[in-house]
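Asks: Handing you a structure now.
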Amino acid sequence: MNGHEQFADDLALYAMGTLEGDERLRVEGHLQECPACRVELEKFRGDVALLAFSASGPRPPARSRERLLAAIAKEPRRIETRASRPMAWWRAFEWAGAVAVVVMVLLLVRQNNDLQRRVADLQSSSARQQQQLLQAKQLVGTLTSADAEHYVLVAGKSPPQPQGRAIYVPSSGTLVFLASNLPQLPPQKIYELWLIPTKGTPIPAGLFRPNPQGSAAVVKPPLPAGIEAKTFAITVEPEAGSAAPTSQPIMVGSRG
Amino acid sequence: MAQLYERYSGIVYSVALRVLGDTGAAEDILQEIFMQLWRNPDGFDVSRGSLPGWLAVIARNRAIDSFRKRRPEVEMTDVVVGIGPDMVRGIEWNRTLDKIRGVLGSIPAPQRSALELSFFEGLTHTEIAEKTGEPLGTVKTRIRAGLLALRKAFNR
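Here the protein sequences come in this chain order: W and G.
Counting from 1, position 183 in the first sequence corresponds to residue 183 in the working numbering; the numbering is continuous, with no gaps.
Counting from 1, position 31 in the second sequence corresponds to residue 31 in the working numbering; the numbering is continuous, with no gaps.
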């Protein structure tokens with residue numbers, strides 16, 4: 001306390017708990033820097049406790065004890081205790097950490113459920129797509145198989161005529177072409193299918209050779225999307241195919 | 001808890017009754033403090049001084065807060081009572097009380113009054129000065145001198 005007499009009276013008031021405002025802040029600031037005044041404050045607090053004891057005498061009524069014991073019986077004691085102020089801070093962090101872990105677990109469980117749901121959806125969608133793909137492959141396989149037997153049904157006793165059937169979806173540029181009873185080709189020649197648009201020049205739509213029975217198929221040749229077709233035509237072209245028809249069409253067909 | 005109550009309920013109740021002047025209100029403070037002790041037994045740290053001293057000061061703080069109808073300003077764990085734990089034990093207790101009362105009876109009445117207004121009524125030195133018409137510095141000095149008189153009697 002030597003050299004700190006200016007705080008002597010205020011320390012006593014501070015120990016009483018009645019120092020307020022700037023005076024209180026000033027004392028607290030000084031206490032942080034002055035171990036001697038902290039010791040003096042502790043002594044003042046002891047003095048204050050002695051002052052408190054001076055009130056001792058009256059005893060509480062018996063009902064107070066019963067009331068307390070009844071309240072305690074209704075309230076189990078907390079297991080968790082704290083040993084000191086720093087521990088209290090750590091306990092707070094521990095609790096915060098525990099809460100964070102619980103929240104994290106709940107979020108992970110929820111996320112896991114969402115993921116499992118999405119996986120189930122994707123598996124279901126994948127199964128559907130595989131089924132569709134299998135059907136498509138079977139269809140294409142049937143159309144293009146060398147073993148495929150083609151039957152042409154005609155009325156009465158008409159002799160079989162070369163026939164071609166083109167199924168075209170302009171928006172996607174998808175084309176399936178089936179032909180039957182085609183004459184066999186001369187050597188180094190090939191049939192070429194043409195898409196004749198409503199505007200512009202013929203567009204190559206695939207090369208094909210008929211099987212010994214005169215049947216052939218062209219499935220999904222590379223065509224641009226969005227072309228409106230006026231007709232489809234077949235010409236006989238050199239074996240490598242042509243960019244533009246080099247002979248008269250042997251078959252032409254408009255939309256039926 | 002029952003043992004603690006038997007031993008220290010008197011001091012808690014007495015201090016609260018002295019501040020509040022109402023037995024029912026003092027019982028409420030008694031209940032509140034012991035329940036808090038039950039819920040958080042580590043709220044009192046032995047390094048903070050004697051348990052009865054700590055309880056007495058807590059009782060006073062809670063009673064002042066109750067009297068002013070305000071929320072507690074001082075947490076129980078923030079109170080440090082720097083007197084030795086052996087001062088108020090066993091058969092020494094009555095002797096201790098006699099000595100305290102003897103000191104308070106021997107100091108000048110204005111000094112004792114300043115101490116009691118500050119501690120049991122929770123008045124600031126400014127409020128005491130307004131109430132008694134005495135200078136602020138005088139009130140401060142009297143409060144400090146009264147506490148030092150108590151300390152001297154116990155050779156602390």
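Where is the CB? At the ideal position from N, CA and C, for every residue including glycine.
(1) If the cut-off is 9 Å on Cβ atoms, which residues from the region 59-79 of chain W count as contacting chain G, listed in chain order?
(2) When you compare the region 137-145 of chain G with the region 94-105 of chain G, are there three or more beta-carbon pairs, one atom per stretch, that lie closer than 8 Å?
(3) Under three-state DSSP, which class holds G17 (chain W)?
(4) Look at the Cβ atom of R45 (chain W), then the Cβ atom of A15 (chain W), and state whether they are nearer than 8 Å.
(5) Thinking C-beta only, is A179 (chain W) closer than 8 Å to Q260 (chain W)?
(6) From the DSSP output, which residues share a beta bridge with I190 (chain W)?
(7) Alpha carbon to alpha carbon, what distance is there between E92 (chain G) and E20 (chain W)?
(8) Does the beta-carbon distance from V236 (chain W) to Y168 (chain W) come in below 8 Å?
(9) Run through chain W and tell me which residues come within less than 7 Å of K140 (chain G), C-beta to C-beta.
(10) Does the structure place the region 4-16 of chain G close enough to the region 60-67 of chain G that three or more beta carbon pairs sit under 8 Å?
(11) Note down the Cα distance separating F208 (chain W) from T198 (chain W), rounded to an integer number of angstroms.
(12) Since I100 (chain G) meets chain W, which of its residues come closer than 7 Å, beta carbon to beta carbon?
(13) Under DSSP, the alpha helix (DSSP H) around A36 (chain W) begins and ends at which residues?
(14) In angstroms with no decimal places, state the Cα-to-Cα distance between S171 (chain W) and L193 (chain W).
(15) Got a sec, what are the start and stop residues for the alpha helix (DSSP H) S145 (chain W) sits in?
(16) Would you please state the rounded distance, in angstroms, between the beta carbons of G151 (chain G) and D47 (chain W)? I believe it to be under 8 Å.
(17) E20 (chain W) CB to nearest chain G CB: under 8 Å?
(18) Could one say the Cβ of G17 (chain W) lies closer than 8 Å to chain G's Cβ atoms, at least one of them?
(19) So what does DSSP say about Q163 (chain W), is it helix, strand or coil?
(20) Leaving out five residues before and five after V140 (chain W) in sequence, what residues of the same chain have Cβ atoms less than 6 Å from its Cβ?
(21) To the nearest angstrom, how far is the alpha carbon of Q213 (chain W) from that of P183 (chain W)?
(22) So, with DSSP's three-state summary, where would you put D86 (chain G)?
(23) Does the count of Cβ pairs from the region 223-240 of chain W and the region 19-34 of chain G closer than 8 Å reach three?
(24) Tell me, which residues are paired with F177 (chain W) by DSSP?
(25) Cβ closer than 9 Å: which chain W residues qualify as neighbours of N61 (chain G)?
(26) Run through DSSP, which three-state label would P204 (chain W) get?
(27) Using a Cβ cut-off of 7 Å, pull out every chain W residue sitting near R18 (chain G), in sequence order please.
(28) Can you find a CB in chain W that lies within less than 8 Å of the CB of I11 (chain G)?
(29) Let me confirm a value: S126 (chain W) is counted as buried when at least 16 other C-beta atoms fall within 10 Å, else exposed. Which label applies?
(30) Taking 8 Å as the threshold (C-beta atoms), are I203 (chain W) and I227 (chain W) in contact?
(31) Would you kindly check if the distance between the Cβ of L30 (chain G) and the Cβ of P60 (chain W) is under 8 Å?
(32) Taking only beta-carbon positions, decide if R151 (chain G) is within less than 8 Å of chain W.
(33) If I'm right that L223 (chain W) touches L175 (chain W) with Cβ under 8 Å, what's the distance once you round it to whole angstroms?
(34) Identify the continuous beta strand (DSSP E) that holds S254 (chain W) and give its terminal residues.
(35) Assuming I143 (chain G) and L115 (chain G) make a contact with CB atoms under 8 Å, what is their CB distance in whole Å?
(36) Considering only residues of the same chain and omitting the five flanking positions on each side of V101 (chain W), which have a CB-CB separation below 7 Å?
Replies: Taking the definition as stated:
(1) R59, P60, P61, R63, S64, R65, R67, L68, L69, A71, I72, E75, R77, R78
(2) Touching, no.
(3) Three-state DSSP puts G17 (chain W) in coil, outside helix and strand.
(4) yes
(5) Nothing can be reported for residue 260 (chain W), as the shown portion of chain W is limited to 1 through 256.
(6) Looking at the DSSP assignment, I190 (chain W) forms a beta bridge with W:E237.
(7) 36 Å
(8) no
(9) D9, L13
(10) Per the Cβ contact rule, the region 60-67 of chain G is in contact with the region 4-16 of chain G (3 or more Cβ pairs under 8 Å).
(11) 24 Å
(12) L50, F53, S54
(13) 35-53
(14) The alpha-carbon atoms of S171 (chain W) and L193 (chain W) are separated by roughly 19 Å.
(15) Run containing S145 (chain W): none; DSSP gives neither H nor E here.
(16) First, the amino acid is wrong: residue 151 (chain G) is Arg here, not Gly. Rounded, the Cβ-Cβ distance is 5 Å, consistent with contact.
(17) yes
(18) Yes, G17 (chain W) lies at the interface with chain G (some Cβ there is under 8 Å from its Cβ).
(19) strand
(20) Closer than 6 Å at Cβ, skipping near neighbours: V219.
(21) 9 Å
(22) For D86 (chain G), the predicted model reports a pLDDT of 47, less than 50, meaning its position is unreliable; a value from the coordinates is still stated below. Three-state DSSP puts D86 (chain G) in coil, outside helix and strand.
(23) no
(24) W:A166, W:V218
(25) G17
(26) strand
(27) Within 7 Å Cβ-Cβ: A55.
(28) yes
(29) exposed
(30) yes
(31) At a Cβ-Cβ threshold of 8 Å, P60 (chain W) and L30 (chain G) count as neighbours.
(32) yes
(33) 6 Å
(34) 251-254
(35) At roughly 6 Å, the Cβ-Cβ gap stays under 8 Å, so I143 (chain G) and L115 (chain G) are in contact.
(36) none
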